[in-house]
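Peer 1:
Numbering (full-length UniProt numbering), first residue to last: 1 to 513.
1. Mind checking residue 275: buried by the 16 CB within 10 Å criterion, or exposed?
2. Going along the chain, which unbroken runs of the alpha helix (DSSP H) with 4 or more residues stay wholly within the region 353 to 392?
3. Determine, using beta carbons only, whether residue 436 and residue 297 come nearer to each other than 8 Å.
4. Between the region 404 to 418 and the region 303 to 312, do at least 3 Cβ pairs fall closer than 8 Å?
5. Within a Cβ cutoff of 6 Å, which residues of the same chain sit near residue 87, ignoring the five residues on either side of it in sequence?
6. Okay, do the region 368 to 388 and the region 411 to 423 touch, 3+ Cβ pairs below 8 Å being the bar?
7. Just the Cα atoms here: how many angstroms apart are residue 112 and residue 97?
8. Under a Cβ-count criterion, where at least 16 other Cβ atoms within 10 Å of its own Cβ denotes burial, should residue 367 be classed as buried or exposed?
9. Is it right to say residue 434 is buried, meaning 16 or more other beta carbons lie within 10 angstroms of its own, or is it exposed?
10. Starting from the C-beta of residue 454, find all residues in its chain whose C-beta is less than 7 Å away, skip the five residues before and the five after it, and write them out in chain order.
11. With distance defined between alpha-carbon atoms, name the residue in 487, 462, 235, 449 nearest to residue 476.
12. Classify residue 454 as helix, strand or coil using the three-state DSSP reduction.
13. At 4 residues or longer, and completely inside the region 80 to 135: list those alpha helix (DSSP H) runs for me, N to C.
14. Distance check for residue 237 and residue 137, CA to CA, integer angstroms please.
15. State the start and end residues of the unbroken alpha helix (DSSP H) segment that holds residue 41.
16. Could you name the residues of the same chain whose beta carbon sits closer than 8 Å to that of residue 383, not counting the 5 residues immediately before and after it, in chain order?
17. Please report the residue range of the alpha helix (DSSP H) in which residue 316 lies.
18. Roughly how many angstroms lie between the CA atoms of residue 339 and residue 333, to the nearest whole one?
19. Which of helix, strand or coil does DSSP assign to residue 447?
20. Below 8 Å on the Cβ atoms is my contact criterion, and I expect residue 50 with residue 72 to pass it. Report the Cβ-Cβ distance as a whole number of Å.
21. State the Cα-Cα distance for the pair residue 505 and residue 491, rounded to the nearest angstrom.
22. Could you check how far apart the C-beta atoms of residue 482 and residue 507 are, in whole angstroms? I think they sit under 8 Å.
23. Would you say residue 327 and residue 269 are within 8 Å of each other, going by their C-beta atoms?
24. For a test of the three-state rule: what should DSSP assign to residue 290, helix, strand or coil?
25. So, with DSSP's three-state summary, where would you put residue 250?
26. I'd like to know whether the C-beta atoms of residue 485 and residue 468 end up nearer to each other than 8 Å.
27. From the DSSP output, read off the bridge partner residues of residue 403.
28. Taking CB distances under 8 Å as the criterion, tell me whether residue 416 reaches chain D.
29. Could you tell me the alpha carbon to alpha carbon distance between residue 85 and residue 444, rounded to whole angstroms?
30. Could you pull the start and end residues of the beta strand (DSSP E) that residue 336 belongs to?
31. Quick check: what's the CA-CA separation for residue 289 versus residue 247?
32. Could you spell out where the alpha helix (DSSP H) holding residue 343 opens and where it closes?
33. Where does the unbroken alpha helix (DSSP H) through residue 478 begin, and where does it stop?
34. Exposed or buried, which one is residue 357 when buried takes at least 16 other CB atoms within 10 Å?
35. If you run the structure through DSSP and keep just helix, strand and coil, what is residue 226?
36. Bridge partners of residue 413, per DSSP?
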């Protein structure tokens, strides 16, 4: 059962509710229970005819008892999916909801259980609720789309002299971005964000944690590294936030060996993408430092994979963060002596630059991760097997966007990747959060590593990126390399699209002799 963030709407709005406020859907006989977190027991709160209604103003289900009991009076999100096998086998539905508290009181996020009298009634509930859920979700999306169009007009007015924002072109502006749609809030939004430093190059933005060689440089293959995260450009969203995050930290420091370095990039997307990516940034280093068996090389990859799932569940189970249409990519890499361990989810990327040997100084690029795109055969097969659809949006100018993932019953979420952390609606369409693992041993020919979100990779190939970084090998200057990469990437974005995606880049120079 998915954890939903239910709006704290005023109960008085529904005290004299009529057909204009809600739609009656169906009713079933159930016994209802509330989980007491203190005593860890299920407490009965009533039984009888249970009414299921749809409240359009908040886009939620409203569940009550017909006998007027106030024990069961809760909102449930439209994307709360029912697990048929669990409901039928247990003759009960356990779910998270938000109480419709008396006026003036704060609402409560609670765990409830509805118990059905027979297996047949449990099956009927599953089919009925799922049919209503999908139908109402369509209604909610349609309503949201209409609201977004109104917001779009407001933002176009703010930029009335910009030809790219006239005539309702937000969808075209978003052609290359991770999530499709006309809602300007999809790139993250915070009032006043437009007043922040919008610099899109390292020279006039504080570098995030640039480091000199560690104290154990005599055993480390790292000579220097640096990273930066730059907010993109979205003319339709003046209060856009940077949704990318990054990690450059030492997660262990054994005096006998070089320390373990953790390098990660996260590309958040959706209205709360910045919250999701920042939570991974905050939690992952601590989780790895205390992970059992992490010191053994054979456990590193699996530990990285498990840590991502643990953090994902933390966010999904936090009712204050709506991950319905928000999530993040992740490229997580751990450099331990001359070994590199990589866990990848989504379409951010890590590459290395190396010489071909035989005295040649030519730098070649090698991808160290696989971009999880929906039109990869294995990924598309999984999505379609789960009932999702894969297709690209077509535009009037004849230039199609990238392949995207869609639900079977409505055109959402339009995610341009086949794997993502969080994104609970996309999971229903076959998007998964399972990280793909890679392991490499650096040799003397390996000169540098680059991690970046797709703001860099959208219009630049791995080899083009390697060619630029190679110019800054001797002496190693990661800041200069990053500066040139950002300048070139921004230039290409503006030639192709009137937007720039958030861009995060980490460059690590190596001496792996």
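All residues carry an ideal CB built from backbone N, CA and C; glycine is no exception.
Peer 2: In short, the structure shows the following:
1. Against the chain shown, residue 275 aligns to sequence position 275. Classification for residue 275: buried.
2. Those alpha helix (DSSP H) runs which fall completely within the region 353 to 392 and span 4+ residues are 377 to 385.
3. Taking the first residue of the chain shown as position 1, residue 436 is located at position 436. Taking the first residue of the chain shown as position 1, residue 297 is located at position 297. Cβ atoms of residue 436 and residue 297: not closer than 8 Å.
4. The region 404 to 418 is not in contact with the region 303 to 312.
5. Translated into the one-based positions of the chain shown, residue 87 becomes position 87. If we look at residue 87 and ignore the five residues flanking it on each side, its Cβ neighbours are 93, 122, 126.
6. Contact between the region 368 to 388 and the region 411 to 423 is present, because at least three Cβ pairs lie under 8 Å.
7. To locate residue 112, count along the chain shown from 1; it is residue 112. To locate residue 97, count along the chain shown from 1; it is residue 97. Within the model, the alpha-carbon separation for residue 112 versus residue 97 is close to 7 Å.
8. The sequence position of residue 367 within the chain shown is 367, counting from 1. Residue 367 counts as exposed, since fewer than 16 other beta carbons sit within 10 angstroms of its beta carbon.
9. Translated into positions along the chain shown, residue 434 becomes position 434. Residue 434 comes out exposed.
10. In the chain shown, the residue the question calls residue 454 occupies position 454. A distance below 7 Å between beta-carbons, with the five flanking residues on each side excluded, links residue 454 to the following residues of its chain, in chain order: 267, 347, 348, 501.
11. As a first step, residue 476 is located in the chain shown; it is residue number 476 there, counting from the start. Among 487, 462, 235, 449, the Cα nearest to that of residue 476 is on 449.
12. By one-based count along the chain shown, residue 454 stands at place 454. If DSSP states are grouped into helix, strand and coil, residue 454 belongs with the helices.
13. Those alpha helix (DSSP H) runs which fall completely within the region 80 to 135 and span 4+ residues are 84 to 90.
14. Position 137 of the chain shown holds residue 137. Position 237 of the chain shown holds residue 237. Using only the alpha carbons, I get a separation of about 26 Å.
15. Taking the first residue of the chain shown as 1, we reach residue 41 at position 41. No alpha helix (DSSP H) contains residue 41, which is instead part of the beta strand (DSSP E) from 41 to 55.
16. Looking up residue 383 in the chain shown gives position 383. Sequence-distant Cβ neighbours of residue 383 in its own chain, meaning closer than 8 Å and more than five residues away, are 374, 389, 390, 405, 418, 429, 430, 431.
17. Position 316 of the chain shown, counted from the start, is the residue given in the question as residue 316. Counting along the chain, the alpha helix (DSSP H) containing residue 316 begins and ends at 297 to 316.
18. Taking the first residue of the chain shown as 1, we reach residue 339 at position 339. Taking the first residue of the chain shown as 1, we reach residue 333 at position 333. Each residue's Cα considered, the two are about 10 Å apart.
19. Stepping through the chain shown from its first residue, residue 447 is reached at position 447. In this structure, residue 447 counts as strand in the three-state DSSP scheme.
20. Walking along the chain shown from the start, residue 50 turns up at place 50. Walking along the chain shown from the start, residue 72 turns up at place 72. Indeed they touch by this definition, with Cβ atoms about 7 Å apart.
21. By one-based count along the chain shown, residue 505 stands at place 505. By one-based count along the chain shown, residue 491 stands at place 491. Each residue's Cα considered, the two are about 16 Å apart.
22. Mapped onto the chain shown, residue 482 falls at position 482. Mapped onto the chain shown, residue 507 falls at position 507. Rounded, the Cβ-Cβ distance is 6 Å, consistent with contact.
23. Taking the chain shown and counting its residues from 1, the one referred to as residue 327 is at position 327. Taking the chain shown and counting its residues from 1, the one referred to as residue 269 is at position 269. Their beta carbons are under 8 Å apart, which means residue 327 touches residue 269 by this criterion.
24. Counting from one through the chain shown, the residue named residue 290 turns up at place 290. Three-state DSSP puts residue 290 in coil, outside helix and strand.
25. For the purposes of this step, residue 250 is taken as residue 250 along the chain shown, with counting starting at 1. DSSP places residue 250 in strand when its eight states are reduced to three.
26. By one-based count along the chain shown, residue 485 stands at place 485. By one-based count along the chain shown, residue 468 stands at place 468. Taking 8 Å as the Cβ cut-off, residue 485 and residue 468 qualify as a contacting pair.
27. Against the chain shown, residue 403 aligns to sequence position 403. Partner(s): 392.
28. The structure shown contains no chain D; it holds only a single protein chain.
29. Locating residue 85 in the chain shown gives position 85, where the first residue counts as 1. Locating residue 444 in the chain shown gives position 444, where the first residue counts as 1. Near 54 Å, if we compare the C-alpha coordinates of residue 444 and residue 85.
30. Position 336 of the chain shown, counted from the first residue, corresponds to residue 336. First-last of the beta strand (DSSP E) with residue 336: 330 to 336.
31. Sequence index remark: in the chain shown, residue 289 carries index 289 (1-based). Sequence index remark: in the chain shown, residue 247 carries index 247 (1-based). Cα to Cα, residue 289 sits roughly 14 Å from residue 247.
32. Here the question's residue 343 lines up with position 343 in the chain shown. Where residue 343 is concerned, there is no enclosing alpha helix (DSSP H), although the beta strand (DSSP E) it sits in stretches over 339 to 345.
33. Walking along the chain shown from the start, residue 478 turns up at place 478. Where residue 478 is concerned, the enclosing alpha helix (DSSP H) stretches over 478 to 496.
34. For the purposes of this step, residue 357 is identified with residue 357 of the chain shown, where counting begins at 1. Taking a 10 Å sphere around the C-beta of residue 357, we find fewer than 16 other C-beta atoms and assign the residue as exposed.
35. For this step, residue 226 is matched to residue 226 along the chain shown. In the structure shown, residue 226 falls within a strand segment according to DSSP collapsed to helix, strand and coil.
36. Here the question's residue 413 lines up with position 413 in the chain shown. As a beta-bridge residue in DSSP terms, residue 413 pairs with 406.
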